[in-house]
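Notes for the one structure printed next.
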Amino acid sequence: MNAVRRLLLAALLAAAHFAALPAGAQQKFITVASTTSTEQSGLFGHLLPIYAKKTGVQVRVVALGTGQALDVARRGDADVVFVHDKPAEEKFVAEGFGVARREVMYNDFVLIGPKSDPAQVAGGKDIVVAFGKIRAAQAPIVSRGDRSGTHSAELRLWKMAGIGLAAARGPWYRDTGSGMGPALNTASSMNAYILADRGTWLSFKNRGELTIVVEGDQRLFNQYGVILVNPAKHPHVKKELGQAFIDWIVSDEGQRAIAGYKIGGEQLFFPNAKRG
Amino acid sequence: MGAGAQALTHAAELLVTLDPGLVQIVSLSLRVSFAAVVIATLAGLPLGATIAVARFPGRQVLIVILNALLGLPSVVVGLAVYLLLSRAGPLGSMGILFTPSAMVFAQAILVAPIIAALSRQSIEDAWREYEEQLRSLGAAPVQAGLTLVWDCRFSLLTTVLAGFGRAVAEVGAVMIVGGNIDGVTRVMTTAIALETSMGDLPLALGLGFILLSLVLALNAAAQVIKEAAQHRYG
Chain A
1 MNAVRRLLLA ALLAAAHFAA LPAGAQQKFI TVASTTSTEQ SGLFGHLLPI
51 YAKKTGVQVR VVALGTGQAL DVARRGDADV VFVHDKPAEE KFVAEGFGVA
101 RREVMYNDFV LIGPKSDPAQ VAGGKDIVVA FGKIRAAQAP IVSRGDRSGT
151 HSAELRLWKM AGIGLAAARG PWYRDTGSGM GPALNTASSM NAYILADRGT
201 WLSFKNRGEL TIVVEGDQRL FNQYGVILVN PAKHPHVKKE LGQAFIDWIV
251 SDEGQRAIAG YKIGGEQLFF PNAKRG
Chain B
1 MGAGAQALTH AAELLVTLDP GLVQIVSLSL RVSFAAVVIA TLAGLPLGAT
51 IAVARFPGRQ VLIVILNALL GLPSVVVGLA VYLLLSRAGP LGSMGILFTP
101 SAMVFAQAIL VAPIIAALSR QSIEDAWREY EEQLRSLGAA PVQAGLTLVW
151 DCRFSLLTTV LAGFGRAVAE VGAVMIVGGN IDGVTRVMTT AIALETSMGD
201 LPLALGLGFI LLSLVLALNA AAQVIKEAAQ HRYG
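Residue numbers (this note's numbering), protein chains in the order written: chain A, 1 to 276; chain B, 1 to 234.
The structure is reproduced here in structure tokens:
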């Protein structure tokens, strides 16, 4: 029985040791609720080591859809939100959950579609017209359907095209309820159209027959904002550390770091923080 | 090159270079699941043994519930633990959401029913066989339970391995309560989910191969220990 006892004891000790080990408590950190696009495009992998090196503060990013990221922050589970859905962000601040939204950077959405282009939209510059054609041709299109920033943008575009999704949706409209990457995987395997943010598209590898069919419309503008979670609402929020991160990301240095992130020579995000 | 071959190449590359990111992820996976299984065993085994040996009203109902919990969806556990540990939740002041401790907590809840249900079955079978003998020796229930646990130790090892397999392979719970934070709470399964999201299917599959190999190696090790012990103790 000795061997077993020793084994059991070792197991217990190991478990206790692990449990007693507070994850990274020796290091200062903040938690940032952000979007899948910023994480999966690799932007944070580029930015955060620069910030950690400068300040010694670890930034822990939980990547979710914008809607979910804001909900996590509403519950007080993050110090900072970094998302891309301006109306939802303004609502978040108006409700008192966040203080002082700052604009950080932008990129743009692109309409992705199969090279065979069944709805004949390729090369167009008008995204609203393209949406109308997809609807008319009943060509398959994949929607995020997850209250993310990209999903909100897609819904706004249907509205601009004067198409009431509630009545118009049929088998051609595939509501996947998934993140940008999984939705792109789905579109890739069924050769469907999909609205995507350029950053995720550029870093996405499983493209299959998909390519960019519409880009460059002003209405495809995609603004990112950063907000400190209101310490008055959630007293445990790391006010100073969170604010320091926000101040850095909108500073010249942080903005330069964003501009410096490229994939295959192509810049993914364009800093546009206003001064002051 | 097919996706499978590419995946194997990726896996081999990561292993040969001992990629530091990979080492960290693998080590966290093992530590979290190991801690969860230890906790789940400490809770589940006594529970399973008690239900096996004791007779009380509602016992059958309890057994049915316990067996049903084998199919507990990990994402539901993740959600429940998230709500519990969230700052707005009852245990929010602990501040352990999005840490490995939260992941251990969630996995322990997932695994405890497995340990309890499967050990209950093994011990109850042994109890049927030895009940008269143990009673004639005048063994108290606790003593009888301990004797049976010891008697079933080899099948219980398989039970614990099944629990570990469940823990190390699940993604739903650790994704929600851990948050898949790079370098802090990213484990094998959430890393695979992330690579799949980014469309790097060969790399995702390669990580899958590594996870499978690990589980295989662990089970092989357990088998060797079991054989050796059986040989020694009969």
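Backbone N, C-alpha and C define an ideal beta-carbon position, used for all residues, glycine too.
Open item on the list: I believe B/Gly-48 touches B/Arg-120 by the beta-carbon criterion, under 8 Å. Please report the beta-carbon distance rounded to the nearest angstrom.
Closed with: 4 Å
TODO: Using a cut-off of 8 Å between C-beta atoms, extract the partners of B/Phe-98 located in chain A.
DONE: Thr-31, Arg-60, Val-62 and Asp-77
TODO: Using the Cα positions of A/Trp-201 and B/Gly-199, report the straight-line distance between them to the nearest angstrom.
DONE: 10 Å
Task: Nearest-angstrom Cα separation, counted from B/Arg-232 out to B/Leu-79 - done: Distance from the CA atom of B/Leu-79 to the CA atom of B/Arg-232, rounded to whole angstroms, is 46 Å.
Task: CB contact check: B/Asp-19 to chain A, cutoff 7 Å - done: So, not an interface residue.
- [ ] Kindly list, in the order they appear in chain B, the residues whose Cβ is closer than 9 Å to that of A/His-236.
- [x] Arg-87, Gly-92, Ser-93 and Gly-95
Task: Own chain residues within Cβ distance below 8 Å of B/Gly-208, not counting five before or after - done: These residues qualify, in order along the chain: Ala-7 and Ile-192.
- [ ] In the DSSP assignment, find the beta strand (DSSP E) that holds A/Asp-175 and state where it starts and stops.
- [x] 173–175
Task: chain A contact residues for B/Ser-29, given Cβ-Cβ distances below 9 Å - done: Ordered by position in chain A, no residue passes the 9 Å Cβ test against B/Ser-29, which lies about 12 Å from the chain.
Open item on the list: A/Arg-144 and A/Ala-196 - do their beta-carbons sit closer together than 7 Å?
Closed with: No, they are not a contact pair.
Task: Partner residues on chain B for A/Lys-205, Cβ-Cβ distance less than 7 Å - done: Met-198, Gly-199 and Asp-200
Task: Beta-carbon proximity of B/Leu-118 to B/Ala-102, cut-off 7 Å - done: no
- [ ] Buried or exposed for A/Ile-61, please, with buried defined as at least 16 other CB atoms from any protein chain shown within 10 angstroms of its CB.
- [x] For clarity, residue 61 of chain A is Val in the given sequence; the question names Ile instead. Buried.
- [ ] Helix, strand or coil for A/Tyr-51, going by three-state DSSP, please let me know.
- [x] Reduced to three states, the DSSP call for A/Tyr-51 is helix.
TODO: Mind checking which residues open and close the beta strand (DSSP E) that includes A/Phe-221?
DONE: Segment 221–229, the beta strand (DSSP E) holding A/Phe-221.
Open item on the list: Run through chain A and tell me which residues come within less than 7 Å of B/Ser-179, C-beta to C-beta.
Closed with: Checking the sequence, you will find Gly at residue 179 of chain B rather than Ser. Those within 7 Å of B/Gly-179 in chain A are Val-62.
- [ ] For A/Ile-258, name the three-state secondary structure that DSSP assigns.
- [x] DSSP places A/Ile-258 in helix when its eight states are reduced to three.
Open item on the list: I'd like the span of the alpha helix (DSSP H) that includes B/Val-20, first residue to last.
Closed with: Going by the sequence as given, residue 20 of chain B is Pro instead of Val. Residues 20–53.
TODO: Could you please tell me which residues of the stretch 162–178 of chain A, in chain order, have their CB closer than 7 Å to any CB of chain B?
DONE: none
Task: Beta-carbon proximity list for B/Ile-39, same chain, < 6 Å, skipping 5 on both sides - done: Ala-108
Open item on the list: Once the 5 residues before and after B/Leu-205 are set aside, which same chain residues still bring their CB inside 6 Å of it?
Closed with: Ala-7
Task: Three-state secondary structure (DSSP) of B/Met-188 - done: helix
Open item on the list: Any beta carbon of chain B sitting closer than 7 Å to that of A/Pro-182?
Closed with: Yes, A/Pro-182 counts as interfacial toward chain B.
Open item on the list: Please tell me whether A/Gln-40 has its Cβ less than 7 Å away from any Cβ of chain B.
Closed with: Output row for A/Gln-40: interface = yes.
Task: Inter-stretch contact (C-beta, 8 Å, three-pair minimum) for the stretch 152–160 of chain B and the stretch 253–272 of chain A - done: no
Open item on the list: Is A/Arg-156 a contact residue of the ligand ATP, with contact defined as CB to any heavy atom under 6 Å?
Closed with: With respect to the ligand ATP, the structure shown offers nothing to examine, as it has no ligands at all.
Task: Beta-carbon separation (whole angstroms), B/Arg-166 vs B/Val-111, contact threshold 8 Å - done: 6 Å
Task: Which of helix, strand or coil DSSP assigns to A/Gly-98 - done: Three-state DSSP puts A/Gly-98 in a strand.
Task: Those residues which DSSP pairs with A/Asn-191 across a bridge - done: Under DSSP, no beta-bridge partner is assigned to A/Asn-191.
Open item on the list: Please state the DSSP three-state secondary structure of A/Glu-277.
Closed with: One cannot answer for residue 277 of chain A here, as it falls past the ends of chain A, which runs 1 to 276.
TODO: Using a Cβ-Cβ cut-off of less than 9 Å, list which residues of the stretch 78–107 of chain A approach chain B; keep chain order.
DONE: Ala-78
TODO: Drop a sphere of 10 angstroms on the beta-carbon of A/Phe-221, count the other beta-carbons inside from all chains shown, and report buried for 16 or more, exposed for fewer.
DONE: A/Phe-221 comes out exposed.
Task: Contact set between A/Asn-185 and chain B, taken where Cβ atoms lie within less than 9 Å - done: In chain order: Thr-196, Ser-197, Gly-199 and Leu-201.
Task: Selected residue, minimal CA-CA separation from A/Asn-107, among A/Ser-188, A/Glu-266, A/Gly-45 and A/Arg-198 - done: A/Arg-198
Task: Rounded separation between B/Ala-43 and B/Thr-50 - CA only - done: 11 Å
Open item on the list: Only counting the same chain, and skipping five residues up and downstream in sequence, which positions put a Cβ closer than 7 Å to that of A/Gly-124?
Closed with: Ala-130 and Val-214
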